[in-house]
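Numbering (this note's numbering), first residue to last: 7 to 340. Take a look at the structure below.
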Amino acid sequence: MNQTIFIIRVFFFGICLLGSWLITLTSTDYDTGKVLFFGACLGALVILVDIYLKGFSLRGLSALTFGLAIGAVIAWIIASSPLFEPLKSDPDLAQNLILVQMILFVVLMYLGAVIALRGKDEFNLVIPYMKFVPHDVQTPLALVDTSALIDGRIVPLCRSGFFGHAVVIPKFVIAELQIIADSDDVQRKARGRRGIEALNQLRENQDIDLRVESSEVDSEDKVDAKLIFLARSLKAKILTTDFNLARLAQFEGVNWLNLNELAESLNPEVHIGLSLSIELLKPGKDPGQAVGYLKDGSMVVVNEGKQFIGDRVQAEVISVVPTSGGRMIFAKIN
7 MNQTIFIIRV FFFGICLLGS WLITLTSTDY DTGKVLFFGA CLGALVILVD
57 IYLKGFSLRG LSALTFGLAI GAVIAWIIAS SPLFEPLKSD PDLAQNLILV
107 QMILFVVLMY LGAVIALRGK DEFNLVIPYM KFVPHDVQTP LALVDTSALI
157 DGRIVPLCRS GFFGHAVVIP KFVIAELQII ADSDDVQRKA RGRRGIEALN
207 QLRENQDIDL RVESSEVDSE DKVDAKLIFL ARSLKAKILT TDFNLARLAQ
257 FEGVNWLNLN ELAESLNPEV HIGLSLSIEL LKPGKDPGQA VGYLKDGSMV
307 VVNEGKQFIG DRVQAEVISV VPTSGGRMIF AKIN
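This is the structure we're talking about:
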C-alpha cells in the first residue's frame with residue numbers, strides 16, 4: 007500500500023509539472039521558469055497536505071462535515087435574527103455587517119468542527135435489540151462466527167476482562183443462528199438456541215464492547231468466505247472453534263483466535279507433588295483405586311480412594327503419564 011501511494015504521489019507531481027509546462031505553451035507572456043516553479047510548489051503542497059492527513063479516517067471526515075454544517079446553520083440563524091437589525095438600519099454600521107457575519111460563520115464553524123471531532127466516538131446508531139458502536143481503528147476487532155457463539159465460552163471470556171478486543175458480530179452470522187434455531191432437528195435447534203442465548207448475554211453486559219456489522223457481503227458466498235472477506239476488510243481477527251475455518255483463514259492471511267487452543271493453554275500445569283481437589287466418580291481398574299476428572303478432561307487415578315467415591319478429596323500427584331488422548335494422572339490421598 008505504501009509503495010502504491012508513493013507511485014501515485016510521484017505521478018501527481020509529474021502531472022503538475024507537465025500541466026505547468028503546457029500552460030507556458032499557450033502564451034509567450036508566461037515565464038517558463040516561474041510557471042514550472044509554481045506548479046512544483048503546488049504539487050509539493052498538495053502532497054504535504056496528504057502526508058499530514060495520514061490517519062484521518064472516513065469517520066473523522068464525516069464528523070468534521072457534520073460539525074461544519076451545524077456551525078454554519080447556527081451562524082446563519084444568528085445572522086438572520088433581529089440582533090443585526092440595528093446594523094442594517096444604520097448606514098454607518100451596515101458596511102461592517104458582512105465582516106461581522108463572516109467572523110460569526112468562521113468562529114462557529116470552527117467550534118462545530120472541533121467539538122464534532124472530539125466527540126466522533128459518541129455517534130451511535132441504535133438498531134433493534136443490539137447496539138452498534140462506530141469502529142475505532144485503535145481498538146482491535148474480533149469477528150465472531152457461529153461456532154464460537156454456540157460454544158458459549160466467549161461469554162465468560164469477555165466477562166473476565168482479559169479479552170482486549172471489541173466483539174464484532176456480522177448480521178449474516180445472526181441470521182445463520184436463527185436458521186439453526188428454527189431447524190426441525192432437535193439437536194441442531196438446541197445448538198442454535200444456545201448460540202442466541204450467548205448473544206443475548208453478550209448484549210446485556212454493558213462492559214463488553216459489542217458491535218453489529220451490517221456491511222453488505224455477496225449473499226451467494228458461503229458464511230466462511232463472508233467472514234474471511236469481512237475480517238480482511240475490517241483488519242479484524244476471526245474468533246472461532248471451527249478448525250477448518252481457522253485453517254482457511256490462515257491460508258488467506260487472516261489472523262484467527264481459537265477458543266479451544268486458548269482453553270488448552272490455560273490448563274493447569276500438573277507436576278509431581280501438586281495437591282489437587284478432585285471429585286471421585288467411579289472405581290478404578292486396580293483394587294482400591296478411584297477415578298476422577300479435571301476440568302480439561304484429564305483422568306486422575308487416586309490410589310486407596312475407592313471408599314471416597316462420590317466425595318471431593320485432596321490428592322497429591324505422584325506421577326503423570328502422557329497418553330495418545332492427553333495425559334493420565336496418578337495420585338494418592340493426602
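Here a beta-carbon is modelled for each residue, glycine too, at the ideal position from N, C-alpha and C.
Proximity winner among the options, relative to residue i (alpha-carbon distances)
i	options	result
ILE324	VAL276, LEU31 and PHE44	VAL276
VAL150	ASN261, ILE121 and ILE13	ASN261
THR71	LEU117, LEU42, ASP56 and LEU51	LEU117
VAL173	LEU67, ILE339 and ILE160	ILE160
ASP292	ILE13, LYS312 and ILE244	LYS312
MET108	ARG124, ILE185, LEU123 and ALA85	ALA85
LYS241	HIS171, ILE278 and ARG200	HIS171
ARG209	TRP27, ILE180 and LEU245	ILE180
LEU23	PHE12, GLY45 and LEU31	GLY45
VAL16	GLN184, ASP37 and ILE53	ILE53
ARG246	ASN309, ASP215 and ASN264	Here residue 246 is Thr; the residue named in the question, Arg, does not match the sequence. Checking every option, the nearest Cα to that of THR246 belongs to ASN264.
ILE21	THR34, GLY39, LYS40 and ALA50	ALA50
GLY77	LEU42, ALA122, PHE43 and GLU91	ALA122
SER271	ASP302, ILE278 and ASN250	ASP302
LEU183	GLU258, SER26, ALA154 and PHE314	ALA154
CYS164	LEU205, GLN256, ILE185 and ASP191	LEU205
PHE257	ILE234, GLY279 and GLU310	ILE234
VAL326	LEU280, GLY73, ALA81 and ALA296	LEU280
LYS232	PHE18, GLY66, PHE178 and VAL306	PHE178
GLY26	PHE43, ALA252, LEU287 and ASP35	Just to set this straight, residue 26 is Ser in the shown sequence, not Gly. That would be PHE43, whose Cα lies nearest to the Cα of SER26.
VAL18	PRO162, ASP190, ARG194 and ASP56	The residue you asked about is not Val; residue 18 is Phe in the sequence shown. Residue ASP56 is the option with its Cα nearest to PHE18.
ILE284	GLY158, GLY294, TYR299 and GLN295	TYR299
ILE175	ARG217, ARG194, PHE111 and GLN193	ARG217
GLY66	SER87, ALA119, LEU110 and GLU310	ALA119
LEU282	VAL307, ILE14, GLY290 and LYS288	VAL307
ASP157	ARG200, ASP190, ASP191 and SER189	ARG200
PHE169	ASP213, SER189 and ASP191	ASP213
ASP215	PRO146, ARG253, THR32 and VAL79	PRO146
Bridge partner(s) assigned by DSSP for residue i
i	result
TRP262	ILE244
ARG124	Paired residue(s): none; ARG124 is not in a bridge.
LEU216	VAL173
ALA104	Going by the sequence as given, residue 104 is Ile instead of Ala. Bridge partners of ILE104: none, in fact.
ARG15	Paired residue(s): none; ARG15 is not in a bridge.
ARG344	Outside the displayed span of the chain (7 to 340) sits residue 344, for which this structure offers no information.
VAL323	ALA337
Nearest-angstrom Cα separation, counted from residue j out to residue i
i	j	result
VAL132	THR329	Low confidence applies to VAL132: its pLDDT is 33, below 50, so where it sits in the model is not reliable enough to give any reading.
ARG238	THR152	18 Å
THR58	ASN211	Reading off the sequence, residue 58 comes out as Tyr, not Thr. For TYR58 and ASN211, the distance between alpha carbons rounds to 39 Å.
ALA187	GLU219	21 Å
THR347	ALA69	Only positions 7 to 340 of the chain appear in this structure, which leaves residue 347 out of reach.
GLN320	LEU268	27 Å
LEU114	LEU105	14 Å
PHE12	ILE202	47 Å
ALA337	ASP248	35 Å
GLY198	ILE335	36 Å
PHE314	ARG333	23 Å
ASN250	ALA148	18 Å
LEU74	TRP82	12 Å
LEU236	GLY259	13 Å
ASP317	MET305	16 Å
LYS288	GLY294	11 Å
LYS195	SER189	5 Å
VAL143	PRO162	With a pLDDT of only 47 at VAL143, under 50, the local geometry of the prediction cannot be trusted, and the value read off the model is given with reservation. Cα-Cα distance, rounded: 25 Å.
VAL229	GLN193	21 Å
ASN340	ALA296	14 Å
GLU310	GLY290	10 Å
For residue i, the first and last residue of its enclosing alpha helix (DSSP H)
i	result
LYS288	No alpha helix (DSSP H) contains LYS288, which is instead part of the beta strand (DSSP E) from 281–289.
LEU59	Unbroken run through LEU59: none, as it is neither H nor E.
Limits of the beta strand (DSSP E) - the one that residue i falls within
i	result
ASN250	Element bounds for ASN250: not the beta strand (DSSP E) but the alpha helix (DSSP H), 249–257.
ASN340	Careful: ASN340 lies outside any beta strand (DSSP E) and carries neither H nor E.
VAL276	Unbroken run through VAL276: none, as it is neither H nor E.
GLY298	296–299
ASN309	305–309
Cβ-heavy atom distance, residue i to the ligand ADP, below 8 Å
i	result
GLN295	Summarising the ligand content, the structure contains no ligands, and the ligand ADP is consequently not present.
Query raised in the report: Taking the runs of the alpha helix (DSSP H) that are 4 residues or longer, which of them lie wholly in the stretch 135–202?
Result: 152–157, 160–166 and 177–187
To test your reading of the DSSP string, which unbroken alpha helix (DSSP H) runs of 4 or more residues are found completely within the stretch 20–62?
38–58
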